[in-house]
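Residue numbers (our numbering): 2 to 404. The beta carbon of each residue, even a glycine, is placed where N, CA and C say it ideally should be. Quick caveat, the model's predicted, so the values are computed rather than measured.
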Ligand SMILES: *Cc1c(COP(=O)(O)O)cnc(C)c1O
């Protein structure tokens, strides 16, 4: 039976001593993607030139979308690769509000990613709607309060399926059903979920979803995101960002806009082929390993980290800012500590890469495909040593841009 980290040799591991616990922010580079990059640029672009569009570039957003669909429990023809997660959220939230005339409330929670909150606030401004933010304890999803907030004036429920900070992971089906009960649509952001926690979008009857490709899908820095619209909703929703790639006949150059059938209508402009194509090897690897196996190994990693937290970190000033219950745990755990930023920087200096989330969170994201139990142990051992020796204090005044 496979163990965590089993597929590390399918990735570029430039420094075998580096403990990389930030694959939930930027996944490692699959070897197959590195090979593909050379072919894409030298041969496909360099030799094929404009003919490349007929060799597969044009179909890429939907062909690759079908593979992502398989990973998240959606059906073929329900997912397209496009733009960034935030732009896709703008697009689908705007479309959802337009599809629910007379309703003027968007419900979300305070665990949601700031960029999503910014997007929802802008959509509300532009459509005359209002965002109702349901408060939480900062760790657990406020399921009951969210359900209570779903009233007859709600057009849209929009949440991160896995909270970026605590990793709390919602059960999509009951909240989606509660939204439907009041006549609202549900839009889930799967950025920290896809490739980490299995989902069944079809079974949960999810209406709309978005997610990014550079975290657990290992698609590369700034890789284009994806969007999901349930099959039977596609004809009823418009794309507020109309453009030629969503036209029924892209190369007709018709001055009148006529939306394409199906998921294509949610595209806008020309896809960034080079970065989009490089997503495929990471997705293929996840399909090969299977999401159930990924989840089983991911839980082994976070179970082990929780054991080490209880044994070695809880009495050294660390708190747990993530759920313990595996049913609602995502792929990462966040530890709180009053000197979290200094500890984060000191860890990086020792070759262990977590990330820092203000005000006091150290986020540890071991990845089933390439992180081993030994690497989790090394991260905890370094934290213990940094606290016991006080060595992290040297990093207390450091200034950083990306953490
Ligand atoms: C990472 C992440 C994003 C990223 O948005 P981009 O527009 O692709 O930069 C958005 N939402 C959530 C919940 C995320 O975790």
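Sequence-distant residues of its chain with Cβ nearer than 6 Å to residue i (five each side left out)
{"i": "residue 298", "result": "5, 369"}
{"i": "residue 274", "result": "58"}
{"i": "residue 399", "result": "346"}
{"i": "residue 301", "result": "5"}
{"i": "residue 396", "result": "343, 346, 347"}
{"i": "residue 87", "result": "116, 120"}
Same chain, Cβ closer than 7 Å to residue i, five either side skipped, listed in chain order
{"i": "residue 129", "result": "105"}
{"i": "residue 3", "result": "294, 298"}
{"i": "residue 203", "result": "74, 75, 76"}
{"i": "residue 352", "result": "18, 19, 20"}
{"i": "residue 358", "result": "166, 335, 364"}
{"i": "residue 11", "result": "31, 32, 286"}
{"i": "residue 152", "result": "183"}
{"i": "residue 99", "result": "239"}
{"i": "residue 155", "result": "104, 106, 108, 183, 185"}
{"i": "residue 383", "result": "348, 351, 353"}
Beta-carbon spacing of residue i, residue j below 7 Å
{"i": "residue 363", "j": "residue 341", "result": "yes"}
{"i": "residue 13", "j": "residue 32", "result": "yes"}
{"i": "residue 144", "j": "residue 173", "result": "no"}
{"i": "residue 385", "j": "residue 308", "result": "no"}
{"i": "residue 228", "j": "residue 246", "result": "no"}
Cβ neighbours of residue i in the same chain (closer than 8 Å, five flanking residues each side left out)
{"i": "residue 109", "result": "117, 118, 121, 132, 133, 134, 135, 158, 159, 160"}
{"i": "residue 255", "result": "248"}
{"i": "residue 176", "result": "144, 147, 148, 158, 160, 187"}
{"i": "residue 381", "result": "306, 309, 310, 313, 314"}
{"i": "residue 288", "result": "68, 71, 72"}
Among the options, nearest to residue i - alpha-carbon criterion
{"i": "residue 218", "options": "82, 258, 234", "result": "82"}
{"i": "residue 141", "options": "355, 93, 331, 396", "result": "331"}
{"i": "residue 79", "options": "232, 367, 257, 306", "result": "232"}
{"i": "residue 215", "options": "242, 94, 90, 85", "result": "85"}
{"i": "residue 194", "options": "184, 241, 24", "result": "24"}
{"i": "residue 257", "options": "268, 263, 244, 265", "result": "244"}
{"i": "residue 316", "options": "89, 155, 338, 333", "result": "338"}
{"i": "residue 367", "options": "361, 360, 378", "result": "378"}
{"i": "residue 387", "options": "349, 373, 376", "result": "349"}
{"i": "residue 241", "options": "89, 284, 66", "result": "89"}
Three-state secondary structure assigned by DSSP to residue i
{"i": "residue 259", "result": "coil"}
{"i": "residue 305", "result": "helix"}
{"i": "residue 217", "result": "coil"}
{"i": "residue 366", "result": "strand"}
{"i": "residue 354", "result": "strand"}
{"i": "residue 193", "result": "coil"}
{"i": "residue 79", "result": "coil"}
Residue burial classification, residue i (beta-carbon count within 10 angstroms, cutoff 16)
{"i": "residue 43", "result": "exposed"}
{"i": "residue 276", "result": "buried"}
{"i": "residue 113", "result": "buried"}
{"i": "residue 127", "result": "exposed"}
{"i": "residue 252", "result": "exposed"}
{"i": "residue 223", "result": "exposed"}
{"i": "residue 262", "result": "exposed"}
{"i": "residue 191", "result": "buried"}
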